[in-house]
Amino acid sequence: MHIKQVIIEGFKSYREQIATEPFSPKVNCVGKVDKEEVRLRRTIGLKKDEYFLDGKHITKTEVMNLLESAGFSRSNPYYVVQQGKIASLTLMKDSERLDLLKEIGGTRVYEERRRNKRKQIIQVVQYLDERLKELDEEKEELRKYQQLDKQRKSLEYTIYDKELHDARQKLLEVEEARSKVSEKSAKMYNDVLNAHEESKDLEKKEIQDSQKELNKINGPGAIVLSTTRILKLLGPSDVRRGLNSIRRICREYKISGVFGPIIELLDCDEKYFTAVEVTAGNRVQQMFPEFLGLNYIHILLSTVFAKLISHVDQRITERVTEQQKIDAKRSHDKSELEQLKQDIANANKQKQFISKALENKVDKEEVRLRRTIGLKKDEYFLDGKHITKTEVMNLLESAGFSRSNPYYVVQQGKIASLTLMKDSERLDLLKEIGGTRVYEERRRNKRKQIIQVVQYLDERLKELDEEKEELRKYQQLTSSENL
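Take the UniProt record's numbering: the last position of the sequence shown gets the number 483, and nothing is skipped along the way.
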């Protein structure tokens with residue numbers, strides 16, 4: 001191959017196109033080529049510097065490689081023979097002369113390229129060996145982590161099972177305590193009702209006995225009957241109870257009768273009736289028996305019975321109020337217990353859904369997830385079954401899709417930071433890649449919820465113990481009063 005012709009155009013000294021005469025093929029031989037003629041063209045503009053080989057655009061690097069392969073050296077493109085170069089050629093060694101021949105033949109370029117490529121290959125092999133060692137270490141760490149993770153999961157399952165068992169046991173204890181308290185309160189309420197019924201029966205019985213006694217009495221009995229009727233109309237119930245007590249005492253002491261009320265024993269002119277009533281006051285209704293000492297007994301017994309009846313009524317009112325409070329508190333505890341049961345049922349339902357989603361992930365080779373967006377609805381379907389957005393996000397997280405980076409975009413400098421990160425950070429990254437970080441967060445949240453439920457149960461147990469103690473004191477008081 002030789003240079004046939006050089007054409008120059010567009011320079012200051014050669015503005016017009018100038019073509020040299022054809023060069024002699026005997027003087028400028030530069031090497032062999034497969035084609036009979038090769039045309040190399042360079043176009044220099046204001047913004048472009050382009051090369052064309054047989055009309056095909058090529059880069060500057062390809063041009064330099066082509067010229068080097070043809071024998072044009074980069075270090076001496078003008079082939080200027082330096083002073084003393086010929087003398088050194090005659091005195092050089094065989095190895096140096098061999099290098100010179102390689103350079104003249106154009107093979108030195110390939111030798112240099114081969115050395116550079118070999119260096120690059122060695123560097124790549126070294127880097128791959130280092131990376132393989134690191135990957136082996138990471139593989140071993142991952143294996144250990146998987147073993148520890150299995151142990152951790154088994155321990156967590158044991159802990160959760162124990163905590164669930166304890167919580168259920170405490171719930172049963174609370175339910176039993178509540179049922180006992182409700183039974184005791186119901187029993188107390190029934191006792192109060194029975195006491196009321198007994199008091200009414202006793203009162204009726206006393207009235208019947210009094211009527212029988214009155215029927216047996218003739219003369220004085222009429223006076224007593226009229227007095228009793230007057231007292232029923234005018235006097236309070238305390239006075240009636242006092243009269244009944246007087247009759248009972250009269251029967252015990254075998255007293256024949258009484259003279260009657262004071263108002264019936266007085267005899268005066270009609271014009272003095274008003275003065276007598278004003279002077280006597282409330283004493284006009286008092287009985288005047290044959291035995292004079294019974295007047296004092298009548299006053300004493302009426303006072304005692306009035307106080308006793310008022311005290312009993314007050315105690316009954318207090319017991320009814322306490323019973324109402326206990327019923328209200330029992331209904332409140334029942335509602336709170338139902339809420340706790342509902343929370344536990346929701347947690348179990350969510351746990352079943354997560355386990356079902358994981359089973360579907362393992363058992364099924366293909367899962368169809370479809371999203372339908374309308375004007376007013378945005379729905380999700382998993383294998384044709386309607387699910388919520390929260391369940392979709394949990395399912396994707398369990399499958400390894402991150403919420404913080406759903407498109408898996410690698411930020412600038414992220415790879416370099418991964419190579420320099422610590423072992424703990426690399427372990428966290430492996431957890432996130434393996435999809436276990438989601439369960440770590442869920443485990444922490446569930447543990448917090450369980451702790452809160454246990455604390456609430458402890459507080460409720462303390463309150464129930466206090467109520468139990470108050471109930472015990474109340475029973476002691478009622479038993480002492482009955483005695």
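Glycine included, each C-beta is placed from N, C-alpha and C at the ideal position.
Looking at the secondary structure, which residues open and close the beta strand (DSSP E) in which residue i lies?
| i | result |
| --- | --- |
| residue 47 | Run containing residue 47: none; DSSP gives neither H nor E here. |
| residue 387 | 385 to 387 |
| residue 23 | Neither: residue 23 is in no beta strand (DSSP E) and is coded neither H nor E. |
| residue 379 | 378 to 382 |
Over the uninterrupted alpha helix (DSSP H) stretch that includes residue i, give me the two end residues.
| i | result |
| --- | --- |
| residue 86 | 85 to 91 |
| residue 60 | 60 to 69 |
State buried or exposed for residue i, treating a residue as buried only when at least 16 other CB atoms are found within 10 Å of its CB.
| i | result |
| --- | --- |
| residue 135 | exposed |
| residue 460 | buried |
| residue 86 | exposed |
| residue 326 | buried |
| residue 395 | buried |
| residue 185 | buried |
| residue 166 | exposed |
| residue 333 | buried |
| residue 7 | exposed |
| residue 197 | exposed |
| residue 37 | exposed |
| residue 17 | exposed |
| residue 473 | exposed |
Measuring alpha carbon to alpha carbon, tell me which of the options ends up nearest residue i.
| i | options | result |
| --- | --- | --- |
| residue 337 | 395, 63, 4, 456 | 456 |
| residue 53 | 66, 68, 163, 39 | 39 |
| residue 443 | 153, 421, 423, 475 | 153 |
| residue 425 | 204, 341, 173, 138 | 138 |
| residue 458 | 18, 173, 428, 329 | 173 |
| residue 55 | 48, 64, 43 | 43 |
| residue 191 | 342, 319, 385 | 319 |
| residue 160 | 445, 383, 181 | 445 |
| residue 423 | 140, 213, 150 | 140 |
| residue 462 | 473, 19, 170 | 170 |
| residue 317 | 158, 193, 397 | 193 |
| residue 465 | 16, 93, 177, 156 | 177 |
| residue 471 | 92, 67, 207, 323 | 323 |
| residue 485 | 127, 69, 146 | Residue numbering for the chain in the displayed model covers 1 to 483; residue 485 lies beyond these limits and cannot be assessed. |
| residue 4 | 124, 19, 10 | 19 |
| residue 321 | 386, 429, 188 | 188 |
| residue 330 | 449, 421, 468, 349 | 468 |
| residue 429 | 21, 145, 380 | 145 |
| residue 485 | 451, 427, 453 | The question about residue 485 has no answer here: the residues shown for the chain are numbered 1 through 483. |
| residue 164 | 397, 381, 340, 380 | 340 |
| residue 9 | 41, 63, 125 | 41 |
| residue 344 | 112, 200, 452 | 452 |
| residue 475 | 213, 57, 181, 389 | 181 |
Would you please verify whether the beta carbon of residue i is less than 8 Å from any beta carbon of chain C?
| i | result |
| --- | --- |
| residue 61 | The chain labelled as chain C is not found in the depicted structure, where only one protein chain is given. |
To which residues does DSSP link residue i through a beta bridge?
| i | result |
| --- | --- |
| residue 196 | Per DSSP, none; premise fails for residue 196. |
| residue 19 | 7 |
| residue 57 | 52 |
| residue 40 | 53 |
**Prompt:** Which runs of the alpha helix (DSSP H) fall wholly inside the region 97 to 143 and span at least 4 residues, in chain order?
**Reply:** none
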